[in-house]
Structure formats: C-alpha cells, structure tokens
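Participant:
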Amino acid sequence: MARQLRVRREEALLALPLLLLLSSAPCAPQVSGIRGDALGNHEIQGCPSCLRLLSTPPPPALERSCFQQPLDCDDIYAQGYQVDGVYLIYPSGPSVPVPVFCDMTTEGGKWTIFQKRFNGSVSFFRGWNDYKLGFGRADGEYWLGLQNLHLLTLKQKYELRVDLEDFENNTAFAKYADFSISPNAVSAEEDGYTLYVGGFEDGGAGDSLSYHSSQKFSTFDRDQDLFVQNCAALSSGAFWFRSCHFANLNGFYLGGSHLSYANGINWAQWKGFYYSLKRTEMKIRRA
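Residues -33 to -1, 1 to 254 in mature numbering (1 follows the signal peptide of the UniProt record, and there is no 0) are what the sequence shown spells out, letter by letter.
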C-alpha cells in the first residue's frame, strides 16, 4: 500500500510543470513558496543544487551539469528552458524558492509575470500583508509580492510589459523601458514599495501607468495615496494610487462594461473607467 501511494504521488508530481531541485543528498518533500494565505503552495522535492523540469527532461547541454538557482525567468531561459510554464525563482536567496509563471514566447520571451488575471477566481481586494508577500497560484491568477518585486529590481535593471485583453478578444499592450520598486530605499516597506516607470512605448493600450510613477503602494488597510479618501477602498483594489488612478489592474473582476465608477480592472487610456478587462498580465524582463 505504501509503495502504491508513493507511485501515485510521483505520477501526480510529474504532471506539474514545476522545477525539481536535485542534489547528491537525499531529497525530502517540502512545500515551496510563501506559506499561509499568500502565494499558493506547490509541492516539490527540495534540495540545494541543480534544477530540472519535472514534466520534461533537461536540455541536452545541461543534462549532466549543475547550474545556479535562477533569479528570474531570464536566468531560466538562459539555462535552456524556453517553454511557457511555472518555474521556481530565488529573488531572496537560495533558501526560499518562489513559484512564478514564465512567458517564454511573447516578444522573445524571458518575461517574469508578477500579476496575472483571467477569470476572477482569485480575490485581489486584499490587505497589505498579502500584497507584500504575494497570493494566488502561479498556474492560475496570482500576485508575486511587492517584496519579491523589490528584490528583483534591486539586483537587475528591468523593463515592464502590460498585456491586456477585453471580452471581445481585442488585445493591446503598454511597455515601459524602466521599471523598479523602491530601488534606493533602506527599507522598501517603509518606503511604501514606491513604483518608478519610464520610457513608455505604445502597443495600442495607451499610457495609463506613468501617472502612477513615484507613488507608494496602497491597500484598504494601508492608505498611502494622495487623495483625501482611501483610493484602494474606493477602487475596490490595491495599486500605486495617486488621486486616484488611470490604471486599476487589481480591481474587481466585473466582466466587461459596468455601471460603477473606476472599481473594475480598468486601464483608462484604452477602455475607460467603466470597462473591466478580461485578462491582464504585468511582466518584467531584464533591460
């Protein structure tokens, strides 16, 4: 019976497009990612050296060699894994693997997705701690976490791409040549995980994010915007609000046109304040 359970468990693991950590030491099961009501747990085998896909064999060049644990999807792409899917990255160091979805296709790939929405299955109307640590699942809707974003942009220079889709299957995007989160702060959290973006390039969506540059992140339980009222509460989301927004990508999933003002998944320069988008992805790649 024990052997049958072990075989079934191994078969289930092989069905997941996650990375397996390998080493010469025996591997013990562990839960990776952030615990609690945060970024969803993914069951993997945890050991401190090599990486390979659970679902597919490693690229031939890496079959017999070990390599460093990846910081982001750029590293994973360089290691030969060039298929879209969930991988592990290590923004805070070798002891804390974080699951993330890598877009290895769009515009040459290498994109680390930090925000993804497509069906409304995950609530994004959450408090500060969830947005700091991350929540959801990398194989579904999720937010990678402000602290992880800060650590990534602290170590590398990144560009940002925002992909959008409406319920009529129209798509558009916006790109920013520069993206960082509190790059010069002694404490990023005390600095409010301040957003810096620049170098806008239009992919049909218009520029709804530059308005938010230099703003701190706000949630309903930590109001750091410039408005007299709480923008996160008014907009039913959490973002780098100013007074209040032109982008509200963490707002309510309202399914297209809505009567309420500016509380859906809004990108004002494309669809205005009364249309909630079907799909959004915020993703970064080394510049």
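All C-beta atoms, glycine included, are put in the ideal place defined by N, C-alpha and C.
Starting from Cys198, trace the alpha helix (DSSP H) both ways and give me its first and last residue.
Facilitator: Position 231 of the sequence shown, counting from 1, holds the residue named residue 198. Cys198 to Ser202 is the extent of the alpha helix (DSSP H) around Cys198.
Participant: Using the three-state DSSP reduction, which class does Ala214 fall into: helix, strand or coil?
Facilitator: If you number the sequence shown from 1, residue 214 lands on position 247. Ala214: strand per DSSP, three-state reduction.
Participant: Take every Cβ of the region 192 to 211, pair it with every Cβ of the region 168 to 175, and state whether three or more of those distances are shorter than 8 Å.
Facilitator: Result no; under three Cβ-Cβ pairs closer than 8 Å.
Participant: Just how far apart, CA to CA, sit Val63 and Leu226?
Facilitator: Position 96 of the sequence shown holds residue 63. Position 259 of the sequence shown holds residue 226. Counting only the Cα atoms, Leu226 lies some 43 Å from Val63.
Participant: To which residues does DSSP link Ala139 through a beta bridge?
Facilitator: Along the sequence shown, read from residue 1 onward, the residue named residue 139 stands at position 172. Answer is Leu131, bridged to Ala139.
Participant: Which one of Ile80, Ser202 and Pro66 has the shortest CA to CA distance from Phe240?
Facilitator: Mapped onto the sequence shown, residue 240 falls at position 273. The candidate whose alpha carbon is nearest that of Phe240 is Ser202.
Participant: Going by DSSP in three states, Glu74 sits in which element: helix, strand or coil?
Facilitator: On the sequence shown, position 107 is the one that residue 74 refers to. DSSP places Glu74 in helix when its eight states are reduced to three.
Participant: For Lys183, which of Ile232, Leu111, Ala205 and Ala200 has the nearest alpha-carbon?
Facilitator: Taking the sequence shown and counting its residues from 1, the one referred to as residue 183 is at position 216. Selected option, being the one with the closest Cα: Ala205.
Participant: Is Asn137 buried or exposed, if buried means 16 or more other CB atoms sit within 10 Å of its CB?
Facilitator: For this step, residue 137 is matched to residue 170 along the sequence shown. Under a 10 Å Cβ-count criterion, Asn137 is classified as exposed, with fewer than 16 other Cβ atoms of the shown protein chains found around its own Cβ.
Participant: Using only the alpha-carbon positions, how far apart do Thr120 and Asn217 sit?
Facilitator: The count along the sequence shown starts at 1 and reaches residue 120 at position 153. The count along the sequence shown starts at 1 and reaches residue 217 at position 250. So the two alpha carbons sit approximately 21 Å from each other.
Participant: Just to check my reading of the structure: Lys245 and Phe91 have Cβ atoms closer than 8 Å, yes? What is that Cβ distance to the nearest angstrom?
Facilitator: As a working mapping, residue 245 is identified with position 278 in the sequence shown. As a working mapping, residue 91 is identified with position 124 in the sequence shown. Taking a contact as a CB-CB distance under 8 Å, the pair Lys245 and Phe91 does not count as one, their CB atoms being some 14 Å apart.
Participant: Evaluate Pro66 with the Cβ neighbour count: other Cβ atoms within 10 Å of its Cβ, from every protein chain shown; 16 or more gives buried, anything less gives exposed.
Facilitator: On the sequence shown, residue 66 is found 99 positions in, with the first residue counted as 1. So Pro66 counts as buried.
Participant: Nearest to Ala141 by CA position, among Ala200, Glu168 and Gly87, is which residue?
Facilitator: For this step, residue 141 is matched to residue 174 along the sequence shown. Among Ala200, Glu168 and Gly87, the Cα nearest to that of Ala141 belongs to Glu168.
Participant: Below 8 Å on the Cβ atoms is my contact criterion, and I expect Tyr125 with Ser147 to pass it. Report the Cβ-Cβ distance as a whole number of Å.
Facilitator: Numbered from its first residue, the sequence shown carries residue 125 at position 158. Numbered from its first residue, the sequence shown carries residue 147 at position 180. The pair is a contact, with the Cβ atoms about 7 Å apart (cut-off 8 Å).
Participant: From Lys238 to Gln35, what distance separates their C-alpha atoms?
Facilitator: Here residue 238 refers to the residue found at position 271 of the sequence shown. Here residue 35 refers to the residue found at position 68 of the sequence shown. Whole-angstrom Cα-Cα distance: 43 Å.
Participant: Contact defined as beta carbons within less than 8 Å: I believe Lys83 pairs with Tyr109. What is the distance between those atoms, to the nearest angstrom?
Facilitator: In the sequence shown, counting from the first residue as 1, residue 83 sits at position 116. In the sequence shown, counting from the first residue as 1, residue 109 sits at position 142. Confirmed, about 6 Å.
Participant: So the candidates are Gly60, Arg104 and Gly159; which of them puts its Cα closest to the Cα of Leu118?
Facilitator: As a position in the sequence shown, residue 118 is number 151, starting the count at 1. It is Gly60.
Participant: Where does Ile43 fall in DSSP's three states?
Facilitator: Here residue 43 is taken as the residue at index 76 of the sequence shown, counted from 1. Looking at Ile43 - three-state DSSP - the assignment turns out to be helix.
Participant: DSSP three-state call for residue 265: helix, strand or coil?
Facilitator: Absent from the model: residue 265. The displayed extent of the chain is -33 to 254, so no value can be given.
Participant: According to DSSP, simplified to helix, strand and coil, what is Ser22?
Facilitator: To locate residue 22, count along the sequence shown from 1; it is residue 55. Any reading at Ser22 needs caution, since the residue's pLDDT is 38, under 50, leaving its predicted position unreliable; the model's value is listed next. Of the three classes helix, strand and coil, the one that applies to Ser22 here is coil, per DSSP.
Participant: What number of angstroms, rounded off, separates the C-alpha of Arg252 from the C-alpha of Gly76?
Facilitator: Residue 252 sits at position 285 when you count from the first residue of the sequence shown. Residue 76 sits at position 109 when you count from the first residue of the sequence shown. So the alpha carbons of these two residues sit roughly 8 Å apart.
Participant: Which same chain residues, not among the five before or five after Asp41, have their C-beta less than 7 Å away from its C-beta?
Facilitator: Position 74 of the sequence shown holds residue 41. Only Lys77, Arg252 and Arg253 meet the Cβ criterion.
Participant: Less than 8 Å between the CB atoms is what I'm expecting for Tyr98 and Leu116, so what's the real figure, rounded?
Facilitator: Position 131 of the sequence shown holds residue 98. Position 149 of the sequence shown holds residue 116. Wrong, their Cβ atoms sit about 10 Å apart, outside the cutoff.
Participant: What did DSSP end up calling Ala144 once you bin it into helix, strand or coil?
Facilitator: Reading the sequence shown from its first residue, position 177 is the one you call residue 144. Here Ala144 sits in strand by DSSP.
Participant: Tell me which residue opens and which closes the beta strand (DSSP E) that Tyr54 is part of.
Facilitator: Sequence index remark: in the sequence shown, residue 54 carries index 87 (1-based). Per DSSP, Tyr54 belongs to the beta strand (DSSP E) from Gly52 to Ile56.
Participant: Taking the Cβ atom as the reference point for each residue, do Asp39 and Phe68 lie within a distance shorter than 8 Å?
Facilitator: As a first step, residue 39 must be located in the sequence shown, where it is residue number 72. As a first step, residue 68 must be located in the sequence shown, where it is residue number 101. Against a cut-off of 8 Å, the Cβ pair of Phe68 and Asp39 comes out as no contact.
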